[in-house]
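Read in the UniProt record's numbering, the sequence shown has 24 at position 24, and its numbers run on one by one without any break.
Heads up, the beta-carbon is just placed ideally off N, CA and C, and yes, glycines get one too.
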Amino acid sequence: VCLHARAGDIAAAEMGEASLLAGDILAAVPRALQELTQHHDGN
1 VCLHARAGDI AAAEMGEASL LAGDILAAVP RALQELTQHH DGN
């Protein structure tokens with residue numbers, strides 16, 4: 001759930017909430033995963 005939420009936040013920041021599509025969230029998943037992994041590892 002955290003990964004999906006963070007990907008949605010990233011995509012919304014880039015695309016704007018009004019024009020956000022599901023594919024935009026999918027495209028943001030790798031960056032969200034990287035952020036969450038770094039946060040979890042303490043980096």
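C-beta contact flag for residue 44 and E14 at 9 Å: As displayed, the chain neither begins before 1 nor continues past 43, which places residue 44 out of reach and without an answer.
Using 8 Å for Cβ pairs, my map puts L20 next to A12. What's the rounded Cβ distance? 6 Å
L3: which of G42, R31 and A22 sits nearest, CA to CA? R31
Report back the beta-carbon spacing between A28 and I10 to the nearest angstrom; my notes put them in contact at under 8 Å. 4 Å
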